[in-house]
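This report refers to the structure that appears directly beneath it.
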Amino acid sequence: MEQTTTQNEVQFSEKAMAEIRRYISHYPADRKKSAILPVLHIAQAEFGGWVSPQVQDKVAEILDIQPIEVYEVATFYTMFNLKPVGKHVLEVCRTGPCMLRGADHLIEHLENRLGCHVGENSSDGLFTLKTVECLAACGMGPMLQIREKYYENLDPQKMDQLLDDLSKE
Amino acid sequence: MGLKILTEHINVPGIDTLETYRKMGGYRSVEKALKTMTPEEVVEEVKKSGLRGRGGAGFPTGLKWSFLAKPEGKPRYLVCNADESEPGTFKDRVLMEKIPHALIEGMITSSYALGARTSYIYIRGELMFVLRILEKAIAECYAAGLLGENILGSGYSLDLHVHPGGGAYICGEETALLESLEGKRGNPRNKPPFPAVWGLYGCPTVVNNVESIASVPWIVNNTGDEYAKIGVGRSTGTKLISASGHINNPGVYEIELGLPVEEFLFSDEYCGGIWKGRKFKAIVAGGSSVPILTGELFLKTAEGTPRVMTYESLSEGGFVSGTMLGSGGFIVMDDTTCIVRNTWNFSRFYHHESCGQCSPCREGTGWMEKILHRLEHGHGNMHDIDLLVNVSKQIEGNTICPLGDAAAWPVASAVRHFRDEFEWHVKHPEKATAPGAVYSGAEDLAFA
Ligand SMILES: Cc1cc2nc3c(=O)[nH]c(=O)nc-3n(C[C@H](O)[C@H](O)[C@H](O)COP(=O)(O)O)c2cc1C
Ligand code: SF4
Ligand code: FES
Numbered sequence: 001m002e003q004t005t006t007q008n009e010v011q012f013s014e015k016a017m018a019e020i021r022r023y024i025s026h027y028p029a030d031r032k033k034s035a036i037l038p039v040l041h042i043a044q045a046e047f048g049g050w051v052s053p054q055v056q057d058k059v060a061e062i063l064d065i066q067p068i069e070v071y072e073v074a075t076f077y078t079m080f081n082l083k084p085v086g087k088h089v090l091e092v093c094r095t096g097p098c099m100l101r102g103a104d105h106l107i108e109h110l111e112n113r114l115g116c117h118v119g120e121n122s123s124d125g126l127f128t129l130k131t132v133e134c135l136a137a138c139g140m141g142p143m144l145q146i147r148e149k150y151y152e153n154l155d156p157q158k159m160d161q162l163l164d165d166l167s168k169e
Numbered sequence: 170m171g172l173k174i175l176t177e178h179i180n181v182p183g184i185d186t187l188e189t190y191r192k193m194g195g196y197r198s199v200e201k202a203l204k205t206m207t208p209e210e211v212v213e214e215v216k217k218s219g220l221r222g223r224g225g226a227g228f229p230t231g232l233k234w235s236f237l238a239k240p241e242g243k244p245r246y247l248v249c250n251a252d253e254s255e256p257g258t259f260k261d262r263v264l265m266e267k268i269p270h271a272l273i274e275g276m277i278t279s280s281y282a283l284g285a286r287t288s289y290i291y292i293r294g295e296l297m298f299v300l301r302i303l304e305k306a307i308a309e310c311y312a313a314g315l316l317g318e319n320i321l322g323s324g325y326s327l328d329l330h331v332h333p334g335g336g337a338y339i340c341g342e343e344t345a346l347l348e349s350l351e352g353k354r355g356n357p358r359n360k361p362p363f364p365a366v367w368g369l370y371g372c373p374t375v376v377n378n379v380e381s382i383a384s385v386p387w388i389v390n391n392t393g394d395e396y397a398k399i400g401v402g403r404s405t406g407t408k409l410i411s412a413s414g415h416i417n418n419p420g421v422y423e424i425e426l427g428l429p430v431e432e433f434l435f436s437d438e439y440c441g442g443i444w445k446g447r448k449f450k451a452i453v454a455g456g457s458s459v460p461i462l463t464g465e466l467f468l469k470t471a472e473g474t475p476r477v478m479t480y481e482s483l484s485e486g487g488f489v490s491g492t493m494l495g496s497g498g499f500i501v502m503d504d505t506t507c508i509v510r511n512t513w514n515f516s517r518f519y520h521h522e523s524c525g526q527c528s529p530c531r532e533g534t535g536w537m538e539k540i541l542h543r544l545e546h547g548h549g550n551m552h553d554i555d556l557l558v559n560v561s562k563q564i565e566g567n568t569i570c571p572l573g574d575a576a577a578w579p580v581a582s583a584v585r586h587f588r589d590e591f592e593w594h595v596k597h598p599e600k601a602t603a604p605g606a607v608y609s610g611a612e613d614l615a616f617a
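Heads up: the protein sequence lines correspond to chains A and B, in order.
Quick note: the first sequence, position 43, residue 43 per the working numbering, numbers continuous.
Quick note: the second sequence, position 185, residue 354 per the working numbering, numbers continuous.
In structure tokens:
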């Protein structure tokens with residue numbers, strides 16, 4: 001569920017907080033920092049698909065660590081979006097094995113259809129086009145990920161169908 | 170049909186549930202180990218099995234376990250490496266997704282052998298849907314008394330947790346993985362000390378690949394000696410191969426080590442041959458980090474011996490004419506593949522994934538990517554080809570972790586085996602950059 005964020009008031013839902021507490025309990029009591037990646041994932045899902053500086057500060061507060069420790073991590077790992085994203089983030093694999101099976105064409109097709117380049121949002125703001133490295137689906141390429149779901153063995157027709165379906169959501 | 174010990178029941182409906190998994194004989198190794206064996210006896214069986222780490226390096230698992238330090242008053246940890254990010258490798262994902270209990274059973278039996286009371290499965294963050302499958306399976310185990318306090322009344326207790334990564338290939342390197350699990354950037358540690366002495370939270374730790382751990386139950390149930398009978402020589406057991414690229418039947422296959430490569434590549438039971446009736450040009454046989462080979466050198470060694478799927482056979486000829494089994498990522502390329510483009514793609518990957526700690530890797534991977542980009546786009550010169558090899562040599566062996574080597578080998582081997590194709594890009598840039606153009610042999614170079 002999406003929450004409203006203001007300059008200083010980042011509030012996780014009770015459901016998200018329960019999930020955060022569950023993760024924290026997995027590590028020794030003096031090693032709360034270990035939960036940083038799971039908590040950032042929860043935060044990203046909670047606050048519109050990206051982690052703003054305010055959200056990162058809140059994560060630091062929850063884990064009793066310095067904000068810089070969260071910034072360091074959020075910028076190192078590629079899954080965390082540091083800028084606002086579209087409603088649907090398309091993460092297309094561009095690595096060798098997928099390229100061999102047509103990833104380049106799929107990316108080109110997406111750029112044309114969405115009217116934006118890789119790394120940008122479509123003009124209607126609905127989609128963000130990202131390329132990512134090998135997602136462990138190489139035999140089923142070309143493929144992409146949207147949120148927690150993999151779409152495999154894609155071609156331009158299947159891609160168009162998928163975009164049409166997502167646009168209607 | 171070869172023996173299947175990991176994937177035998179992969180198509181049984183409901184095999185992802187504890188009930189069905191147990192019906193098919195699951196969790197027998199936990200009963201056997203915890204109730205009738207000492208931890209040392211379990212380690213001994215794994216040693217006897219000859220099982221070698223399936224994460225890529227092929228280090229004997231039992232030996233690694235026997236190095237684990239056991240200081241008084243410090244916990245020990247088992248951490249499963251489920252980061253699977255090596256391009257061309259997707260076997261761990263398929264195994265965890267389809268049969269999550271295979272890994273969890275292995276984790277319980279292995280944790281008991283190592284004396285761990287808390288264990289972690291570090292899974293790459295992109296596989297959040299697989300994390301949820303594992304968590305559901307773990308919850309079933311807690312409810313059934315297979316995890317938690319006093320497992321099956323044996324007196325042994327274990328907590329098992331799944332931890333998601335954040336998207337970074339380098340976190341597959343075991344010390345980077347531990348840093349990441351501690352909530353930090355994934356920067357590999359300098360070694361020694363090795364994780365066996367100084368691992369998670371400064372405690373003795375074993376890091377093992379998903380497939381290695383999932384192989385342990387069969388070894389415990391059937392003895393290490395029986396496992397060692399499967400395979401050839403020092404390549405014992407079965408291995409999961411992720412097959413991708415230009416083949417008719419991509420997917421994950423469990424093979425008995427020692428299977429002839431020709432059979433694996435061409436028979437319908439496995440890869441089913443090259444797609445679209447095309448010719449076999451090249452292969453990266455063990456995940457993107459291993460040297461690329463021509464089709465001929467892959468099927469037969471330089472001496473003309475047919476190769477088989479073992480650690481030894483694939484590396485015959487060293488880096489001059491051989492490669493490595495690595496993680497079992499089998500990437501096949503047909504005769505329409507541009508080797509320069511492919512090498513550039515992999516170089517871009519390693520540059521992108523370098524953690525940036527050591528200058529040979531950080532700078533060198535950037536150089537290689539740039540040079541290959543030039544060559545691929547028709548702006549390279551002959552000197553660039555030697556420069557590539559030169560840069561790769563300066564990275565190799567001069568870095569904190571093996572990512573540097575992993576970036577260097579594919580480039581050096583591509584130039585070694587496909588030099589004329591690189592030269593063609595320099596001599597005939599207009600042809601080489603034409604859409605769909607592919608180098609087809611020496612006559613292309615000769616005619617201007
Ligand atoms: C850059 C790099 C990436 C790696 N990625 C993985 C990986 O995704 N999965 C894995 O099991 N091992 C990976 N490894 C190997 C691990 O460092 C380690 O050797 C392995 O997890 C040990 O398990 P094993 O002995 O069971 O193979 C990687 C190594 C390097 C240098
Ligand atoms: S070799 Fe590369 S990835 Fe490994 S520690 Fe050095 S800079 Fe980081
Ligand atoms: S290369 Fe795309 S999933 Fe592996």
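Idealized CB from N, CA, C, for every residue including glycine.
Spell out whether any CB of chain B is found under 8 angstroms from the CB atom of residue i.
i	result
threonine 78 of chain A	yes
glycine 48 of chain A	no
glycine 115 of chain A	no
alanine 35 of chain A	yes
valine 73 of chain A	yes
lysine 158 of chain A	no
threonine 6 of chain A	Its pLDDT being 46, under 50, threonine 6 of chain A is placed unreliably by the model, and the measurement read from it follows with that caveat. By this cut-off, threonine 6 of chain A is not an interface position.
lysine 149 of chain A	yes
threonine 128 of chain A	no
glycine 102 of chain A	no
histidine 109 of chain A	no
leucine 170 of chain A	This structure does not reach residue 170 of chain A, given that chain A is present from 1 up to 169, and the question cannot be answered.
Return helix, strand or coil for residue i, following the three-state DSSP convention.
i	result
arginine 221 of chain B	strand
proline 97 of chain A	helix
asparagine 567 of chain B	coil
methionine 276 of chain B	helix
lysine 450 of chain B	strand
threonine 75 of chain A	helix
valine 51 of chain A	coil
glycine 324 of chain B	coil
tyrosine 370 of chain B	helix
leucine 316 of chain B	coil
glycine 535 of chain B	helix
asparagine 250 of chain B	strand
histidine 178 of chain B	coil
proline 333 of chain B	strand
leucine 82 of chain A	coil
glycine 573 of chain B	helix
valine 607 of chain B	coil
valine 10 of chain A	coil
Could you confirm whether any beta carbon from chain A is found closer than 8 angstroms to the beta carbon of residue i?
i	result
glycine 355 of chain B	yes
asparagine 250 of chain B	no
arginine 262 of chain B	yes
asparagine 378 of chain B	no
glutamate 297 of chain B	Note that residue 297 of chain B is methionine in the sequence shown, not glutamate. Closer than 8 angstroms to some Cβ of chain A, the Cβ of methionine 297 of chain B qualifies, so yes.
isoleucine 500 of chain B	yes
glycine 400 of chain B	no
threonine 258 of chain B	yes
tyrosine 311 of chain B	no
histidine 330 of chain B	yes
leucine 350 of chain B	yes
tyrosine 608 of chain B	no
aspartate 613 of chain B	no
Kindly examine ligand 5 and report whether one of its heavy atoms sits closer than 7 angstroms to the Cβ of residue i.
i	result
lysine 233 of chain B	With respect to ligand 5, the structure shown offers nothing to examine, as its ligands consist of ligand 1, ligand 2 and ligand 3.
Using a beta-carbon distance cut-off of less than 9 angstroms, what residues from the region 130-142 of chain A approach chain B? Val132, Glu133, Cys134, Leu135, Ala136, Ala137, Cys138, Gly139, Met140, Gly141
Can you list the residues near ligand 2, meaning Cβ strictly closer than 6 angstroms to any non-hydrogen atom, in the order they appear in the chain? B/Ile339, B/Pro357, B/Ser523, B/Cys524, B/Gly525, B/Gln526, B/Cys527, B/Cys530, B/Arg531, B/Thr568, B/Ile569, B/Cys570, B/Leu572, B/Gly573
Write down every uninterrupted run of the alpha helix (DSSP H) in the region 378-444 of chain B whose length is 4 residues or greater and which is fully enclosed by it, in chain order. 379-391, 393-398, 430-435
Can you check the region 461-511 of chain B for any beta strand (DSSP E) of at least 3 residues that lies completely inside it and give the ranges in chain order? 498-503
Going residue by residue through the region 255-299 of chain B, where are the continuous beta strand (DSSP E) segments of at least 3 residues, counting only ones entirely within it? 287-292
Within the region 107-158 of chain A, ranges of the beta strand (DSSP E) (whole runs, at least 3 residues): Runs found: 127-132, 144-146, 149-151.
Of the residues that make up the region 336-349 of chain B, which ones have a beta carbon closer than 9 angstroms to any beta carbon in chain A? Gly336, Ala337, Tyr338, Cys340, Ser349
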